[in-house]
Amino acid sequence: MAEPVATTPAVGYRIEDHRPGPARQVHVVFGSAAHASDVTASCANGRPVPRVRETDR
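Each residue of the sequence shown is one higher than the last, beginning at 1317 in the working numbering.
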């Protein structure tokens, strides 16, 4: 199971979607007017496995 410790957007970004868990997979989208970072993470063998997709708007 995965559960983030903290989700803090950088200056100029906000959290647009957040599914914190605990769950098999957690998800957060950080967005600004020009960019979005879609972050998904799970655990494998007790270690985090992140996936990040960057999108220009």
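By construction, the Cβ of each residue, glycine as well, lies at the ideal position given by its N, Cα and C atoms.
By the criterion of a C-beta distance shorter than 7 Å, S1358 is surrounded in its chain by A1318, R1340, Q1341, V1365, once the five residues flanking it on both sides are discounted. For a cut-off of 8 Å, the C-beta gap from R1373 to H1343 is around 19 Å, too long to register as a contact.
Looking at the backbone, the Cα of R1369 and that of V1355 are separated by about 7 Å. Linking R1363 to T1324 through their CA atoms gives a straight-line distance of about 21 Å. Annotated as distal: G1328 and S1353, with beta-carbon spacing of 7 Å or more.
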